[in-house]
Amino acid sequence: MKRFESLDWLRGLMAFAIMIYHLIGWQLFHPESGSVLGNFGVYGVSIFFVLSGLSMGIVYNNYIKDLHTSFVFFVRRLFRLLPLLWIAIAVVSGISFILHGQIDLYKIFLNATLLFGFVAPAEYINIGAWSIGNETFYYAFTPLLIMLYAKHKQLGNLAVLGLVAVGIYFAFYALDSSKPLSEQWQTYINPFNNFFLYACGLALYYNFHEISMKNIASVLVLISLAILCLYPVAGDQINITTGVNRVVFALASIALTLGFYKLEIELPNWFSKPFANLGEATYGVYLLHPVVYMFVNKVVHQPVLCIIVTSVATIIAANISYRVYEKPFIKIGKKSTTFEVKKIEQVS
Numbered sequence: 011m012k013r014f015e016s017l018d019w020l021r022g023l024m025a026f027a028i029m030i031y032h033l034i035g036w037q038l039f040h041p042e043s044g045s046v047l048g049n050f051g052v053y054g055v056s057i058f059f060v061l062s063g064l065s066m067g068i069v070y071n072n073y074i075k076d077l078h079t080s081f082v083f084f085v086r087r088l089f090r091l092l093p094l095l096w097i098a099i100a101v102v103s104g105i106s107f108i109l110h111g112q113i114d115l116y117k118i119f120l121n122a123t124l125l126f127g128f129v130a131p132a133e134y135i136n137i138g139a140w141s142i143g144n145e146t147f148y149y150a151f152t153p154l155l156i157m158l159y160a161k162h163k164q165l166g167n168l169a170v171l172g173l174v175a176v177g178i179y180f181a182f183y184a185l186d187s188s189k190p191l192s193e194q195w196q197t198y199i200n201p202f203n204n205f206f207l208y209a210c211g212l213a214l215y216y217n218f219h220e221i222s223m224k225n226i227a228s229v230l231v232l233i234s235l236a237i238l239c240l241y242p243v244a245g246d247q248i249n250i251t252t253g254v255n256r257v258v259f260a261l262a263s264i265a266l267t268l269g270f271y272k273l274e275i276e277l278p279n280w281f282s283k284p285f286a287n288l289g290e291a292t293y294g295v296y297l298l299h300p301v302v303y304m305f306v307n308k309v310v311h312q313p314v315l316c317i318i319v320t321s322v323a324t325i326i327a328a329n330i331s332y333r334v335y336e337k338p339f340i341k342i343g344k345k346s347t348t349f350e351v352k353k354i355e356q357v358s
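Okay, here's the thing in structure tokens:
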């Protein structure tokens, strides 16, 4: 299967942007909407959702066909998500217990099983883990969407449009543009709010995978980046997550992902390889940077230096984690489920 290195570049860029957004917010100031970091602090995660949907389409479009293969798909995704999440949960819960002498076993159970994504999206333990709960929720419905597309492309597109309508409801009705995003965080992280982004990523594969866009892909990337960086908006981040601005930023995020998907350019290895490696280790960068920061912040008290040390340490830790810890679990998940599929076929 062809690997789209350009998508790894985008993953790497977004992972880095989100990490820097958090670190600057914790050490210096809170980036608001209208600033590059303020915009990507929110829409970097949105782009991750689009990328995830697109990636599932690329990898599983010919694989998911029935209940058995749907189950295998979900198990493989759990093997991808859970191992590192367990480490992060253990570290944060352990530190919390040492500092406060309390431990919430039910909350740990919800997080360690990823059930919080279905029953209590706001009950995440690790910073940023709400999006992992959302992802797990979307994975549960991915086989249905893929099978709809397999039956007829327009059926799949109709389902995606339905989810877009739900997203519009959240943007114009469920979220109040007059109140800060922090006061409506529980509504924003409702998995149905961002579901359309993941679904649109899946739709990108089914509607564009056979279309060559090499002449306009780079233009699409530049225009999308210009919108995401320069769009005239200011104030609280509720201003980019509601109303017309939500539509503009969501479309720019989807278009940016499409542009990178269809990008056909050769970049020198010294430039592209670091971002490709960062893209592979994105999950670790996203999940580990708050954990690394907890330790670095105790010994490095100069704000800018703390940001630099945390960033470098996180990238190193994420790459080691991916190659030494996460990758073996991915292989175990694939090997064990491949055996199950063969066994099912033999029984049949």
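Counting from 11, one number per residue, gives the positions in the sequence shown under my numbering.
Just so it is clear, CB atoms sit at the ideal spot from N, CA and C, and this is done for glycine as well.
Predicted model only: the values in this text are computed from it and were never measured.
- DSSP links GLY245 through a beta bridge to SER43.
- Here the alpha carbon of ILE226 sits roughly 45 Å from the alpha carbon of VAL102.
- Taking a contact to require three or more Cβ pairs closer than 8 Å, the region 16 to 23 and the region 288 to 295 qualify as touching.
- With respect to the 7 Å criterion, GLY143 and TYR149 are not classified as neighbours on the basis of their beta carbons.
- Cα atoms of PHE128 and PHE147: separation of roughly 6 Å, rounded to the nearest angstrom.
- The beta carbon of SER43 is closer than 7 Å to those of ASN49, VAL243, ALA244, GLY245, ASP246, GLN247, ASN249, ILE250 in its chain, skipping five residues each way along the sequence.
- Judged by DSSP in its simplified three-state form, ALA139 adopts coil rather than helix or strand.
- For the pair SER62 and TYR208, the CB atoms are nearer than the 7 Å cut-off.
- In the three-state reduction of the DSSP assignment, VAL310 falls in the coil class, being assigned neither a helical nor a strand state.
- Between PRO300 and ILE137, the gap from beta carbon to beta carbon is short of 7 Å.
- Taking a contact to require three or more Cβ pairs closer than 8 Å, the region 171 to 189 and the region 221 to 240 do not qualify as touching.
- When rounded, the separation of the alpha-carbon atoms in GLU274 and ILE118 is 44 Å.
- If you draw a straight line from the Cα of LYS189 to the Cα of PHE206, it is about 23 Å long.
- A direct Cα-to-Cα measurement between ILE199 and ILE97 gives close to 23 Å.
- For TYR134, the secondary structure class from DSSP, reduced to helix, strand or coil, is coil.
- A straight line joining the alpha-carbon of LEU230 with that of LEU266 spans about 7 Å.
- Going by C-alpha positions, LYS161 is about 12 Å away from ILE74.
- The three-state reading of DSSP puts GLY111 in coil, since its state is none of H, G, I, E or B.
- Relative to the Cα of TYR335, the nearest Cα in the group GLN37, HIS78, LEU92 belongs to LEU92.
- Around THR324, the same chain offers MET29, VAL295, LEU298, HIS299, VAL302 as residues with beta carbons nearer than 7 Å, after the five sequence neighbours per side are excluded.
- Following the DSSP letters along the chain, one finds SER234 inside the alpha helix (DSSP H) bounded by residues 227 to 240.
- Counting C-beta atoms within 10 angstroms of its own C-beta, PRO131 has 16 or more neighbours from the protein chains shown and is therefore classed as buried.
- Here the C-alpha atom of LYS344 lies approximately 27 Å from the C-alpha atom of PRO201.
- Counted as a single uninterrupted DSSP element, the alpha helix (DSSP H) harbouring GLN37 occupies residues 15 to 37.
- In this structure, the CA atom of TYR179 is about 18 Å from the CA atom of ASN167.
- Under the three-state reduction of DSSP, THR123 is assigned to coil, being neither helix nor strand.
- Assigned with DSSP and collapsed to three states, ASN329 falls in helix.
- If you ignore the 5 residues before and after PHE270, its C-beta comes within less than 7 Å of the C-beta of SER16, LEU17, TRP19, LEU20, VAL231, all in its own chain and listed in chain order.
- Straight through space, the alpha carbons of CYS210 and VAL60 are spaced by roughly 6 Å.
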